[in-house]
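Numbering (the UniProt record's numbering), first residue to last: 1 to 162. Backbone N, C-alpha and C define an ideal beta-carbon position, used for all residues, glycine too. Because the structure is a prediction, the values reported are computed rather than measured.
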Amino acid sequence: MKLGVVSDTHDNLDHVEAAVSHFESEGVDAVVHCGDIVAPFSAAPFEAAFDFHAVRGNNDGEWALREAVDSFGTYHGDFAHLTLDGQEIAVYHGTEAGLVDALVDSGTYDFVLRGHTHERVVEHRGKTTHINPGGLPIPGADDEFHVAVVDLDTGNVASRSL
């Protein structure tokens with residue numbers, strides 16, 4: 001099973017549409033958005049030929065975002081614990097670094113997916129892989145927009161600039 005991971009799209013439709021196109025071309029089965037979609041209109045392109053999951057980011061204040069995502073996917077609120085293809089996956093936006101570390105170090109999850117920092121991370125600690133796909137370019141972080149595709153069968157993580 002292939003899982004697409006995206007975060008911090010901040011209403012940038014060009015990047016959202018590029019991410020959806022990439023995920024479709026990769027044949028992902030599901031996509032997880034790690035927060036900061038922001039407004040409902042920029043969630044709409046994720047209504048595609050894959051399952052969609054999203055958690056709330058610190059900039060997701062738009063009251064109708066939950067309703068928009070739930071119309072075609074699942075909006076989990078602040079945290080999601082997913083079991084996909086036998087893999088245990090934690091999804092949290094990542095505003096509290098200590099909580100991210102606790103999730104990774106707990107040994108409970110095969111993957112911990114997060115966003116918030118706009119910096120790509122693929123880190124292996126024990127049995128857990130910690131992934132931040134990156135986000136829109138911001139000063140002091142990544143200089144390009146990235147997404148990740150995870151092969152849940154092999155554990156391979158491929159990051160891609162879009």
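DSSP three-state assignment for residue i, whether helix, strand or coil
| i | result |
| --- | --- |
| V55 | coil |
| V100 | helix |
| L82 | strand |
| D105 | helix |
CA-to-CA distance, residue j to residue i, given in whole angstroms
| i | j | result |
| --- | --- | --- |
| P45 | E17 | 6 Å |
| A158 | W63 | 33 Å |
| Q87 | F111 | 8 Å |
| R56 | A141 | 21 Å |
| S106 | I131 | 15 Å |
| V69 | F41 | 10 Å |
Neighbour-count burial assignment, residue i, 16 or more Cβ in a 10 Å radius
| i | result |
| --- | --- |
| G155 | exposed |
| A97 | exposed |
Own chain residues within Cβ distance below 6 Å of residue i, not counting five before or after
| i | result |
| --- | --- |
| D101 | none |
| H33 | V6, A54 |
| D85 | M1, L152 |
Nonlocal neighbours in the same chain, by C-beta distance under 8 Å from residue i, ignoring five residues either side
| i | result |
| --- | --- |
| A49 | E24 |
Residue i vs residue j beta-carbon contact at 8 Å
| i | j | result |
| --- | --- | --- |
| G94 | H118 | no |
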